[in-house]
Amino acid sequence: MVGVHGEADRSVSIAAVHAALDADVTLIDTGDFHAMGHNELPLAEALCGRERDSYQLSVTFGMLRTPGQCFGGVDARPAAVKNVLAYSLTRLGTDHIGLYRPGRLGPAVPIEDTVGAIREMIDAGHVRYLGLSEVDAATVRRAHAVHPATDLQIEYSLFSRAVERDVLSTLRELGVGN
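Letter 13 of the sequence shown, counting from 1, is numbered 3 in this note's numbering, and no numbers are missing.
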């Protein structure tokens, strides 16, 4: 809605969300790093006044940005999970996120620690479901052992078919959507 694909018109962005919701789209997906969190602000405006249970918010987190908007790494430490969740809840004007997922595997943090922090936020009612993003089958298993994952966001296309080797079968076995 803002930032990545050039200039965006806020009213057009909000109208697009309204049109999607009016057409019975129920999953609204964003990332706290999209436009440095500013993508969540027009979403909050678009969702204001809507029945909260009529849609699910999906938020990807943990991708760091530099002042020049370049990729700056991944922060999936448990303290960071809770911190960025607090910011997203505030920007989105809601008390809970439907689906919360780390954008990538944190290189210095075991997935079990990241998922453990998300599980705490699920137990506290701030998050409903755990999602994963761009991880392999072994990581899905390790995460799922801490808390059942609901879905995996991963590149799968005619050009990128590596998930067919072991990821898709693991997802099917564990009952994880993709």
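Where a beta carbon is used, it is the ideal one built from N, C-alpha and C, also for glycine.
In angstroms with no decimal places, state the Cα-to-Cα distance between residue i and residue j.
i      : j       : result
Arg40  : Asp22   : 21 Å
Val74  : Ile4    : 23 Å
Asp12  : Arg118  : 23 Å
Val157 : Thr50   : 20 Å
Leu79  : Leu54   : 18 Å
Ser150 : Glu(-3) : 30 Å
Gly167 : His137  : 15 Å
Ile112 : Ile18   : 19 Å
Arg42  : Ala10   : 15 Å
Ala135 : Asp103  : 12 Å
Asp85  : Glu35   : 15 Å
Pro57  : Asp(-1) : 23 Å
Leu161 : Arg155  : 12 Å
Tyr146 : Asp14   : 25 Å
One question on the structure: do residue i and residue j come within less than 9 Å of each other, judged by their Cβ atoms?
i      : j      : result
Asn29  : Thr16  : no
Ala139 : Val130 : yes
Ser159 : Ala127 : yes
Ile144 : Glu124 : yes
Gly83  : Leu37  : yes
Gly96  : Ala76  : no
Leu33  : Val2   : no
Arg81  : Leu148 : no
Leu89  : Gln46  : yes
So residue i packs on residue j, CB below 8 Å; how close in whole Å?
i      : j      : result
Arg132 : Ile87  : Not really, about 22 Å apart at Cβ, beyond 8 Å.
Asp141 : Gly121 : 5 Å
Buried or exposed, going by whether 16 or more other CB atoms sit within 10 Å of the CB of residue i?
i      : result
Arg91  : buried
His116 : buried
Gly63  : exposed
Ser44  : exposed
Ser48  : buried
Val99  : buried
Gly52  : buried
Contact between the stretch 90 to 107 and the stretch 63 to 78: three or more CB pairs below 8 Å?
-> yes
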